[in-house]
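One point on numbering: in numbering that gives the first Met the number 0, the residue at position 48 of the sequence shown is 47, and numbering is uninterrupted. Glycine included, every Cβ here is placed at the ideal spot set by N, Cα and C.
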Amino acid sequence: MNQITTHATAASRTVAMMILATPIRKDMEGRYCLNDLHKAAGEDRRHQPANYLRLETTAALSTEISKSSDVRIKPIEMSKGRYGGTYVHEDIVMDYAAWISPAFKLEVYRGFKASRQTTSVGGQMVVPSEVNYVQMFRMALQVAERNEVLEKQIEAERPLVAYADATMADERTICIREAGKQFGFSDQRLMKFLIEKKVLFRQGKSVMPYQRYIDDGQFTTKSHVIANGNVHRWPHVTGKGLLLIDRLRRQALLAA
0 MNQITTHATA ASRTVAMMIL ATPIRKDMEG RYCLNDLHKA AGEDRRHQPA NYLRLETTAA
60 LSTEISKSSD VRIKPIEMSK GRYGGTYVHE DIVMDYAAWI SPAFKLEVYR GFKASRQTTS
120 VGGQMVVPSE VNYVQMFRMA LQVAERNEVL EKQIEAERPL VAYADATMAD ERTICIREAG
180 KQFGFSDQRL MKFLIEKKVL FRQGKSVMPY QRYIDDGQFT TKSHVIANGN VHRWPHVTGK
240 GLLLIDRLRR QALLAA
């Protein structure tokens with residue numbers, strides 16, 4: 000059974016919650032916008048909603064949700080038009096977030112938790128009394144300012160994307176020091192950042208990428224023999240790894 004419906008125009012949408020400073024819209028039937036979640040996660044092409052919706056597990060989950068006696072809507076709806084997008088049931092939201100990464104699933108869970116601390120009048124979010132409208136306005140300005148800064152950074156970093164593409168094309172890897180130069184970081188600062196983000200970890204006197212980042216083709220390791228004969232292993236970054244670092248850095252700026 001096909002549980003995906005398509006509408007020519009989008010129904011009325013409201014902002015249901017914020018995840019990593021990104022507004023997440025909800026339609027009148029209570030479904031959440033996967034496109035907004037993809038944006039919050041960093042807009043990696045691998046994580047596009049279309050890729051997730053093609054999975055057999057997604058279709059199976061949608062079917063199971065439809066069987067539930069308390070569900071009266073289609074679990075997945077695709078709307079066209081200026082304000083369109085793919086809107087899905089809450090359970091599919093959490094599954095999509097988990098498909099992207101455990102860290103993003105946690106962010107989405109926290110977003111749901113925070114949104115449920117609000118009340119609703121006529122389908123619109125109402126902020127608790129202790130948060131006044133002046134504070135809300137200031138928060139909105141801060142988000143707008145951050146977005147403006149990030150847009151300028153994206154434009155300035157177009158050479159980085161070209162560099163990453165070239166690195167991927169000939170399967171080159173670069174050391175952490177060289178990768179740090181692409182972002183204006185020292186090698187120690189970049190290494191500390193990637194350890195904090197659970198991309199790298201220390202193993203004795205070596206620094207290693209977690210296996211999943213090796214499997215994804217974002218990092219490799221190289222061995223170095225030092226004067227006393229000991230072998231240290233250090234991470235090297237691929238073109239895909241540079242794009243990962245850039246995405247993590249932007250998310251950190253938004254969360255700051």
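*Can you give me the start and stop residues for the alpha helix (DSSP H) that residue 190 sits inside?*
That run of the alpha helix (DSSP H) goes 186-195.
*Considering only the beta carbon of each residue, do residue 179 and residue 193 sit closer than 8 Å?*
Against a cut-off of 8 Å, the Cβ pair of residue 193 and residue 179 comes out as no contact.
_Bridge partners - residue 31, DSSP secondary structure assignment_ = Answer is 25 and 87.
*Alpha-carbon to alpha-carbon, residue 222 and residue 207*: The straight-line gap separating the alpha-carbon atoms of residue 207 and residue 222 is approximately 11 Å.
*When you compare only the Cα positions, how much space is there between residue 169 and residue 53?*
Legend: pLDDT at residue 169 = 43, less than 50; position of this residue unreliable, value from coordinates given subsequently. Rounded to the nearest angstrom, the gap between the Cα atoms of residue 169 and residue 53 is 30 Å.
*Of all the options 209, 243 and 239, which has the alpha carbon lying nearest to the alpha carbon of residue 232?*
Cα-wise, what sits closest to residue 232 is 209.
*Return the bridge partner residues of residue 13 from the DSSP annotation.*
Answer by DSSP bridge pairing, in chain order: 25.
*Considering residue 217, what are the terminal residues of the alpha helix (DSSP H) in which it resides?*
Counting along the chain, residue 217 sits inside no alpha helix (DSSP H), nor does DSSP assign it H or E at all.
_Could you give the first and the last residue of the continuous beta strand (DSSP E) run that contains residue 199?_
Residues 199-202.
*Cβ pair residue 173, residue 235 closer than 8 Å*: Closer than 8 Å, so yes.
*Taking all protein chains shown into account, decide if residue 59 is buried (16 or more other Cβ within 10 angstroms of its Cβ) or exposed.*
Exposed, because fewer than 16 other Cβ atoms sit within 10 Å of the Cβ of residue 59.
_Measuring straight from C-alpha to C-alpha, what distance separates residue 260 and residue 184?_
What the structure shows of the chain is the stretch from 0 to 255, and residue 260 is not part of that stretch, so it cannot be assessed.
*Where does the unbroken beta strand (DSSP E) through residue 208 begin, and where does it stop?*
Start and end: 205-208.
_Limits of the unbroken beta strand (DSSP E) element including residue 100_ = Where residue 100 is concerned, there is no enclosing beta strand (DSSP E), given that its DSSP letter is neither H nor E.
*Note down the Cα distance separating residue 182 from residue 245, rounded to an integer number of angstroms.*
Taking the straight line from one Cα to the other gives about 8 Å.
*In three-state terms, what does DSSP make of residue 18?*
Note: residue 18 maps to strand in three-state DSSP.
*Thinking C-beta only, is residue 74 closer than 8 Å to residue 61?*
Residue 61 is a Cβ neighbour of residue 74, given a cutoff of 8 Å.
*Cβ-based burial, residue 26 [other Cβ within 10 Å; buried from 16]*: Buried, since its Cβ has 16 or more Cβ neighbours within 10 Å.
*Answer with buried or exposed for residue 67, where buried requires no fewer than 16 other C-beta atoms within 10 angstroms of its C-beta.*
With fewer than 16 Cβ atoms within 10 Å of its Cβ, residue 67 is classed as exposed.
*asked:* Here's the rule I'm using: 16 or more other beta-carbon atoms within 10 Å means buried, otherwise exposed. How should residue 103 be labelled?
replied: Label assigned to residue 103: buried.
*Could you say which of 198, 19 and 213 lies nearest to residue 250 if we only look at CA atoms?*
The shortest C-alpha separation from residue 250 is found at 19.
*asked:* Strictly by DSSP, which residues pair up with residue 171?
replied: Beta-bridge pairing by DSSP links residue 171 to no other residue.
*Is residue 76 helix, strand or coil by DSSP?*
Looking at residue 76 - three-state DSSP - the assignment turns out to be strand.
_Between which residues of its own chain and residue 200 is the CB-CB distance below 7 Å, once the five residues before and five after are set aside?_
So the qualifying residues of the chain are 194, 207 and 209.
*Bridge partners - residue 107, DSSP secondary structure assignment*: DSSP lists no bridge partner for residue 107.
*residue 222 - partner residues in DSSP beta bridges*: According to DSSP, residue 222 bridges with 232.
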